[in-house]
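Participant: The sequence shown runs 506 to 1377 under the working numbering. We put the beta carbon where it would ideally sit given N, CA and C, even for glycine. Supplied in structure tokens, the structure appears directly below.
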Amino acid sequence: MHARSPLCGLILILLCLAAVMYSQTPYPAGTRYFSESDQLAGFSLVGSPASVAKVPSSGPGFSEAWRLATLADKQNPWDVQLIRNIPGAVAKNDVAFVRFYARAIETTQETGGASLVVYAQKGSADYDKSLSQELFLTTDWQEYMIPFTWTASYGASQAQIVLGAGFKRQLIEIGGFDTISYGTTLKESDLPRSKSTYVGREPTALWRAAAAARIEQHRKGAFTVEVTDSLGNPVAGATIKVRMQRHAFEFGTAVVATRLVEPSSENTRYRRILLENFNAAGPENDLKALAWQGDWGPGFNQDKTLSALSWLRDHQFTVRGHVLVWPGWSNLPKSITDLKGTANQSTIPNKVLQHIENVVKATREYLAEWDVLNEPFANHDLMDLFGKQIQVDWFKKAREHHPSAKLFLNDYGNDNILRDPAHIAHFEETANYLKANNAPITGIGLQAHMGGNPTPPEALVATLDRYATTIGLPVRITEFDINTRDEEMQADYTRDFYTAAFSHPSTVGIQMWGFWESEHWFPAAAMYRADWSPKPAALAYRKLVFEEWWTNLDGNTDGAGRFSGRGFFGDYIITVEHSGKRFEKRIALSPGSPSTFSLPLSSPKLVNLSTRAPARSGNETLIGGFTVRGEGKKRILIRGVGPALGDFGLSGQLAKPSIKLYSGETLLATRLGWDQSGDGASIAEAASAAGAFALKPASPDAALIATLASGGYSLHVTGSDGGTGIALFEAYEFVENEPANLVNLSTRAFAGKDANIAIAGFVIKGVNSRRILVRGVGPGLQAFNVSGVLARPYLTLVKGDKVIAANGGWEANTDAQDLVNTSQRVGAFALAPGSADSAIVRTLDSGQYSVLVRGADGGTGVVLVEIYDAGS
């Protein structure tokens, strides 16, 4: 005997499923709208180029079928349609039923199937519809049963049944067509309705255990936290909380640029849902050549696209570009297609390379990877004309202008080795041709658009296994969706597809092709409805990604001061509580990296606060505020710098700064210059101890040392001669181990453009991490009678040259309530619901940080920049 392979078993399952699908479903007798046994014979074809013809068939229960061909790509289902008027009258609230079989013979759709829409409608303008249902046909005969209710009454021959086939080029067959009226004797729920399914859906399916084992092996790692006291001794019995913050695996989505950059309550919701669900993203259409070069009109423009890419980068998304070359004439820009068949046709390859150079150079600071070549199986016009070598040139040109980008070959119909072997073979041949010819290809993309007969999870794993052997490159699922109105099946398949893909070690990420019904190429495939209510698929996705594949652990250190666990790869915050004090540390758990983390019982603190902004007068005066907290007093170095900023390449600085230090309304000190009052040596020494840059002797830059008790203070920076310009306000701790600490900064300033934006800074010093609240308040100042405010503050938190976080509209944060609670705890005034004020709360490591505040719409105005120590 020979053992049966898992693949053979899968084929047998598929054959059994096909036999079940070929059986006919009984339904109640009623009154037929059309009396003929071959009801489609009375339908008329409308639209061109298209054809319809009767052909012999071995379909279930019928020997003849109608073959309908859509011979050119169409934009609307009704561009090609079969229509038949109902001879009699229909009444509002009558229940009706449509039953037929259909299959795809040939298709160019990315789902690997074909599409058909069934309408029951008024037979004249405005063609009001009582039924509109899109179906997704596979290469197997499937039975479709659709009950519906008429929403209006129509006289004889005034209503019609329509089959719309105006999609991409396709050839389909339809047979066994039946349409019945039940009047009001039955309800829709009394009638059968088609339901799709897939092999491996059952809870006991054998593939699940193997997938779970792979996930445990490849997506998780062990770690140990070692807690010590100030002398380095282990601390036993400390309470430990391990809280995951972000996945290392990339769970992404396609996005619409407009939704990221334009203001509206709907767009704010779009951004918040995006942030709540995904850590990777890329524009759906905005980077395609037709959009980038303006062929799709003013709805797409490069400035908007670049702003959207900046938003994604600022919000810590891994950003991918789609697509550099889609080498079919229908997907190439006019600048290239206009050369086809002309004397200048030979310049097309260079034109393509110029496009790659242009878009890659413009976007490289935002993008981590590109789909370089898209869908060559069906789009090969350029290769046919100029040879396969030009594909290699495209990859090399992309690498030339983005040395670090991951470069992908992307195609559809390549996720199931059982369904389309020709497509699989072509995909492998293309990838290996690119590798053999030294193209810098670093990954392969599987689109995985699913219709009514989706790829079984076991078949997906088998396909990934094959690519690991035949191609040997990392895999990304680039455009996943499941297009069905069966929400239960959609949820189950989302769960199972993600589980199968996540379990495979070659897979680096899964990108949905959109998530919201109002911005989805197939609305039924979205996981959020138009009203933002989550469909079952959204709940299934979130349960996987943020519950089953999310690590939160609690416990206590052992006698050696250690706590060990196992978690999914990603970013974490470790919290230790001991003797009434709380300590935090950020860690990253990743394959091959150190997995033992030291956490001494030491709290970092803020030691430097600063703001750079235009210093003007009136509401636009540069006013810095800070807080000292704790017992005793704290010595603070305070500076108002203007001329010295020229040493850093800035122009337009404040020529003669004057600083005034207040406690409430009480003036405590004033200063012009820094070394002209007998304490210049002390100020220079304090600056050196604090790590501040030195001021030149006798410069007009102002500075003083103040010994301050616990409380709030403000500093006004103006021009002593009435002048205006850019100034830097700074407050430094320069003596360690004093009982009081510098904790908060608030600066009211004018936020301009370019070099005149408001920039605040702070320094965290210590071995662990500190929770910080940062806010940029514009509209919220109007409640304090401040005029000329910045209408849409955009807040960016930067460490060195790396953006850590960003926000434009505080409610777009993933946990707006956390911002509310944190603001209350630190004593910050509340931000109004719906306001455009910005805010961020983060746990940060030690280091130097900058807070940049500008107008999200390019506007200018007065803004309050606030930095709060929100740690324990």
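Is DSSP giving TYR1003 helix, strand or coil here?
Facilitator: helix
Participant: If you count every other CB in all the chains shown that lies within 10 Å of the CB of LEU1172, and 16 or more means buried, which is it?
Facilitator: exposed
Participant: Could you spell out where the alpha helix (DSSP H) holding PHE891 opens and where it closes?
Facilitator: 886–891 is the span of the alpha helix (DSSP H), which, as asked, contains PHE891.
Participant: Is THR575 helix, strand or coil when you go by DSSP?
Facilitator: Look at THR575 here: in three-state DSSP terms it is strand.
Participant: With distances taken from CA atoms, which of GLY1228, ILE982 and ASP734 is nearest ARG825?
Facilitator: ILE982
Participant: What are the residues that DSSP puts in a beta bridge with GLU1089?
Facilitator: THR1080 and SER1274, per the DSSP bridge assignment.
Participant: Let me make sure I understand the geometry here. Which of GLY618, ASP819 and THR1132 has the alpha-carbon closest to that of ASN988?
Facilitator: GLY618
Participant: What separation, rounded to the nearest whole angstrom, lies between the Cα atoms of PRO1096 and ALA717?
Facilitator: If you take the alpha carbons of PRO1096 and ALA717, they lie about 18 Å apart.
Participant: According to DSSP, is PRO832 part of a helix, a strand, or is it coil?
Facilitator: coil
Participant: Which class does TYR527 belong to by DSSP, given the choice of helix, strand or coil?
Facilitator: In this predicted model, TYR527 has a pLDDT of only 46, less than 50, meaning its place in the structure is not dependable enough to derive any value.
Participant: From GLY950 to ILE745, what does the alpha carbon distance come to, in whole angstroms?
Facilitator: Rounded to whole angstroms, the separation of the alpha carbons of ILE745 and GLY950 is 41 Å.
Participant: If I measure Cβ to Cβ from MET526 and keep anything under 8 Å in the same chain, skipping five residues before and after, which residues do I get?
Facilitator: Because the pLDDT of MET526 is 40, which lies under 50, any placement of that residue in the model is unreliable, and the question is left without a value.
Participant: Tell me where the alpha helix (DSSP H) around THR488 begins and ends.
Facilitator: Coverage of the chain is limited to positions 506 through 1377, which leaves residue 488 absent and any answer about it impossible.
Participant: When burial is assigned at 16 or more other CB atoms within 10 Å of the CB, is TYR632 buried or exposed?
Facilitator: exposed
Participant: Could you tell me which residues DSSP puts in a beta bridge with ARG1359?
Facilitator: TYR1299
Participant: So, at 8 Å on beta carbons, what are the nonlocal neighbours of ALA1195 in its own chain, with the 5 sequence-adjacent residues on each side left out?
Facilitator: VAL1112, ASN1113, LEU1142, TYR1237, GLU1238 and PHE1239
Participant: Can you pull the DSSP bridge partners for SER1168?
Facilitator: THR1171
Participant: Would you kindly check if the distance between the Cβ of ALA546 and the Cβ of PRO592 is under 8 Å?
Facilitator: No.
Participant: Report the residue from GLN580, ALA710 and GLU771 whose alpha carbon sits nearest the alpha carbon of SER553.
Facilitator: With respect to the C-alpha of SER553, the residue from GLN580, ALA710 and GLU771 having the closest C-alpha is GLN580.
Participant: From which residue to which residue does the alpha helix (DSSP H) around GLN894 run?
Facilitator: For GLN894, the uninterrupted alpha helix (DSSP H) run begins and ends at 894–906, by DSSP.
Participant: Runs of 3 residues minimum, wholly inside the segment 720–762: which ones carry the beta strand (DSSP E) assignment?
Facilitator: 725–733, 744–752 and 755–760
Participant: Find out if the Cβ-Cβ distance for the pair GLU731, ARG1067 is shorter than 8 Å.
Facilitator: yes
Participant: Count the other CB atoms, across all protein chains shown, that sit within 10 Å of the CB of TRP834; report buried if there are 16 or more and exposed otherwise.
Facilitator: exposed
Participant: Could you tell me which of GLN821, ILE1188, ASN879 and PRO1338 sits nearest to LEU872, measuring between CA atoms?
Facilitator: GLN821
Participant: Going by Cα to Cα distance, which pick from PHE1198, ASN919, ALA1203 and ALA1265 is closest to GLY1183?
Facilitator: ALA1203
Participant: Between which two residues does the alpha helix (DSSP H) harbouring VAL1013 extend?
Facilitator: Taken as a continuous stretch (DSSP letters only), VAL1013 belongs to no alpha helix (DSSP H), being part of the beta strand (DSSP E) at 1012–1017.
Participant: Determine the contact status of PRO1369 and VAL1346, defining contact as a CB-CB distance below 8 Å.
Facilitator: In the sequence as displayed, the identity of residue 1369 is Leu instead of Pro. No, the pair does not count as a contact, with Cβ atoms beyond the cut-off.
Participant: When the Cβ atoms of the segment 1019–1028 are set against those of the segment 698–715, are three or more pairs found closer than 8 Å?
Facilitator: With a cut-off of 8 Å on Cβ pairs, the segment 1019–1028 is not in contact with the segment 698–715, counting fewer than three such pairs.
Participant: Do LEU1357 and ILE1262 have their C-beta atoms within less than 8 Å of each other?
Facilitator: Judged by their CB atoms, LEU1357 and ILE1262 are nearer to each other than the 8 Å cut-off.
Participant: Closest to ALA1256 by C-alpha separation, out of PHE1289, PRO803 and ALA1296, would be which residue?
Facilitator: ALA1296
Participant: Here's the rule I'm using: 16 or more other beta-carbon atoms within 10 Å means buried, otherwise exposed. How should ASP916 be labelled?
Facilitator: buried
Participant: Given a threshold of 16 other Cβ atoms within 10 Å of its Cβ, counted over all protein chains shown, does ARG1253 qualify as buried or as exposed?
Facilitator: buried
Participant: Rounded to whole angstroms, what's the CA-CA distance from SER562 to SER568? Just pull it up for me.
Facilitator: 5 Å
Participant: Where do the ends of the beta strand (DSSP E) carrying GLU1136 lie?
Facilitator: 1127–1146
Participant: How about the segment 861–869 and the segment 882–890: do they share at least three Cβ pairs that are nearer than 8 Å?
Facilitator: For the pair of segments examined, the segment 861–869 was found not to touch the segment 882–890: the number of CB pairs separated by less than 8 Å stays below three.
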